[in-house]
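Written below as structure tokens is the structure these notes are about.
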Amino acid sequence: MQFGQPIIAKPVKGLRIRKEDGTQLPEEGDTVIHSSYWQRRKDDGDVTLSELPKARKQD
Numbered sequence: 904m905q906f907g908q909p910i911i912a913k914p915v916k917g918l919r920i921r922k923e924d925g926t927q928l929p930e931e932g933d934t935v936i937h938s939s940y941w942q943r944r945k946d947d948g949d950v951t952l953s954e955l956p957k958a959r960k961q962d
């Protein structure tokens, strides 16, 4: 994952995490832009980060 790319951030069960804009990150996670803010939350064990699913090619 590279900074500046969209990713999915999901809070660890039982934690309430604020997004950079101050709103709460939903329990089911949300698409955010990978930044040092989200990397710090991951390093602290507060969130899991994953790449967006790849789009399927239409035949």
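Heads up: the sequence shown begins at 904 in this note's numbering, then just goes up one per residue.
Every residue gets a Cβ at the ideal spot worked out from N, C-alpha and C, and that includes glycine.
- Under the three-state reduction of DSSP, S938 is assigned to coil, being neither helix nor strand.
- The continuous stretches of beta strand (DSSP E) do not include K916, and DSSP gives it neither H nor E.
- When only Cα atoms are considered, T951 and I936 end up about 14 angstroms apart.
- Counting only residues of its own chain and dropping the five nearest sequence neighbours on each side, I910 has a CB closer than 8 angstroms to the CB of M904, T934, V935, I936, H937, W941, L952, S953, E954 and L955.
- A residue is called buried once 16 or more other Cβ atoms fall within 10 Å of its Cβ, and R943, having fewer, is exposed.
- Within the DSSP secondary-structure output, P909 pairs in a beta bridge with I936.
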